[in-house]
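**Student:** Take this structure first; my questions come after.
Residue numbers (this note's numbering): 1047 to 1180.
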């Protein structure tokens, strides 16, 4: 990438810190943090994922069973939570490989949402899950 560097004087006052950022030290800190977090990855992460999946599924059941009612906040919140949790808490982390190093069953980037059945169970959306597995 050819990035033109803006002089520090052209930065907004709230962005002045960028001019003094030590990018090499920042990269080293992020790499060290990643290695430390990788060592801590394990069964607690799988348990947390399963808890989120359970709450998401409860929201789906409540939302789908109450969708026949006149518009109401419970149905709206349940369907919204179902969709939001599916995308932001489950699919996003799974498709980016967040659970590839633990035994989380089907929640890995190599099979999540792929195939006819998994497409409906894991990823009931218009966007293809393969688009996230890059």
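Cβ coordinates follow ideal geometry from the N, Cα and C atoms, glycine included.
The model shown is predicted, which means the values in this text are computed figures rather than measured ones.
Is residue 1140 near residue 1153, with beta carbons less than 7 Å apart?
**Tutor:** Stepping through the chain shown from its first residue, residue 1140 is reached at position 94. Stepping through the chain shown from its first residue, residue 1153 is reached at position 107. Against a cut-off of 7 Å, the Cβ pair of residue 1153 and residue 1140 comes out as a contact.
**Student:** Hey, how far is the Cα of residue 1144 from the Cα of residue 1085?
**Tutor:** By one-based count along the chain shown, residue 1144 stands at place 98. By one-based count along the chain shown, residue 1085 stands at place 39. When rounded, the distance between both Cα atoms is 13 Å.
**Student:** Are the segment 1098-1113 and the segment 1125-1134 touching, with three or more C-beta to C-beta distances below 8 Å?
**Tutor:** Here the segment 1098-1113 makes contact with the segment 1125-1134; the two share three or more CB pairs at distances below 8 Å.
**Student:** What's the gap between the Cα of residue 1057 and the Cα of residue 1071?
**Tutor:** Here residue 1057 refers to the residue found at position 11 when the chain shown is read from its first residue. Here residue 1071 refers to the residue found at position 25 when the chain shown is read from its first residue. Roughly 22 Å separates the two Cα atoms.
**Student:** Quick one: is residue 1168 buried, meaning 16 or more other Cβ sit within 10 Å of its Cβ, or exposed?
**Tutor:** Position 122 of the chain shown, counting from 1, holds the residue named residue 1168. Residue 1168 should be labelled buried.
**Student:** I need the DSSP call for residue 1089, collapsed to helix, strand or coil.
**Tutor:** Numbered from its first residue, the chain shown carries residue 1089 at position 43. In the structure shown, residue 1089 sits in a helix (DSSP, three-state: H, G or I).
**Student:** Taking 7 Å as the cut-off, decide whether the C-beta atoms of residue 1099 and residue 1150 are in contact.
**Tutor:** Stepping through the chain shown from its first residue, residue 1099 is reached at position 53. Stepping through the chain shown from its first residue, residue 1150 is reached at position 104. Not in contact: residue 1099 and residue 1150 (Cβ atoms no closer than 7 Å).
**Student:** How far does the alpha helix (DSSP H) with residue 1158 in it extend, from its first residue to its last?
**Tutor:** Counting from 1 along the chain shown, the entry for residue 1158 is found at position 112. That residue, residue 1158, is in no alpha helix (DSSP H); it is neither H nor E in DSSP.
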